[in-house]
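Student:
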Amino acid sequence: MTIIEKARQFVESECFKPTSKYGSGPYVEHFLPMVKHSKKLSSKLGGNLEVILIAAWLHDIGSIVIGRKDHHITSAKIAKKFLTENNFDPEKTKLVLDCIRNHRQSTELDQKTLEEKIIADADAICNFDMLPGLFYASMVVEKLTPVEAAKSVKAKLQNKWRRLHFKESRELTRGKYQAAMLLLEEITKL
Ligand SMILES: [Fe+2]
Numbered sequence: 094m095t096i097i098e099k100a101r102q103f104v105e106s107e108c109f110k111p112t113s114k115y116g117s118g119p120y121v122e123h124f125l126p127m128v129k130h131s132k133k134l135s136s137k138l139g140g141n142l143e144v145i146l147i148a149a150w151l152h153d154i155g156s157i158v159i160g161r162k163d164h165h166i167t168s169a170k171i172a173k174k175f176l177t178e179n180n181f182d183p184e185k186t187k188l189v190l191d192c193i194r195n196h197r198q199s200t201e202l203d204q205k206t207l208e209e210k211i212i213a214d215a216d217a218i219c220n221f222d223m224l225p226g227l228f229y230a231s232m233v234v235e236k237l238t239p240v241e242a243a244k245s246v247k248a249k250l251q252n253k254w255r256r257l258h259f260k261e262s263r264e265l266t267r268g269k270y271q272a273a274m275l276l277l278e279e280i281t282k283l
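Residue 162 in this note's numbering sits at position 69 of the sequence shown; the count goes up by one each step and never skips.
1) Who's in the neighbourhood of ligand 1, going by beta-carbon under 7 Å from any heavy atom, listed in chain order?
2) What did DSSP end up calling F181 once you bin it into helix, strand or coil?
3) How would you call V158, buried or exposed, if buried means at least 16 neighbouring beta carbons within 10 angstroms?
4) In the DSSP assignment, find the alpha helix (DSSP H) that holds G226 and state where it starts and stops.
5) With V144 and K185 assumed to form a contact (beta carbons below 8 Å), what rounded beta-carbon distance in angstroms separates them?
6) Could you work out which residue in D222, E261, E209 is closest to G140 when comparing CA atoms only?
7) Going by Cα to Cα distance, which pick from L283, L227, L250 is closest to R267?
8) Give the secondary structure of Q271 by DSSP, where H, G and I count as helix, E and B as strand, and everything else as coil.
9) Run through DSSP, which three-state label would L142 get?
Laid out in structure tokens, this is it:
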């Protein structure tokens, strides 16, 4: 079994445990699209595919096991343990861990390697596939009204769009971005 498949199985099993902080939903709603977008970007831009796919699987594992706070750090810790236990190459482990630590656009961290940029872009692109996730955060977690939530979601999407590193990422997302802006524009005028 490849290390990529082992990482997938590890994430799947953590998502489906009763202790998962977000239930089993993120496996289909976030991890699968994350891997799909990472693979697509790598096919256009290059980078070490093994590193990229392992990072795509493990980048949010801390969120599932421990919770959202500082999940870039907790995910990196869990990933390090997993990769060490599986005797993964130390050089490549370092690259994977950098991808995970720097995957959050919101932390203003500077993504330096091609692999880090691909992971950060793929994660941002996932938001455009799962607008209900952003609305859930705004309305249920932050308790905003529907109109306030629309304004907040619109600003978040604009930010994510602006911070994409590659034109290839924008090409993948443009249609969804424009459609979202069109719909949210109407609501935010209210
Ligand atoms: Fe993510």
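Ideal Cβ positions, reconstructed from N, Cα and C, are used throughout, including at glycine.
Tutor: This is what the structure holds:
1) Sorted by chain position, residues whose beta-carbon lies closer than 7 Å to a non-hydrogen atom of ligand 1 are H123, M127, H152, D153, H196, D216, C219.
2) Collapsing the DSSP output to three states places F181 in coil.
3) Classification of V158: buried, given that the 10 Å Cβ count is 16 or more.
4) From DSSP, the alpha helix (DSSP H) with G226 extends over 224-229.
5) Right, the Cβ-Cβ distance comes to about 5 Å (below 8 Å), so this counts as a contact.
6) It is E209 whose Cα lies nearest to the Cα of G140.
7) Minimum Cα distance to R267 is reached at L250.
8) Note: Q271 maps to helix in three-state DSSP.
9) In the three-state reduction of the DSSP assignment, L142 falls in the helix class, which pools H, G and I.
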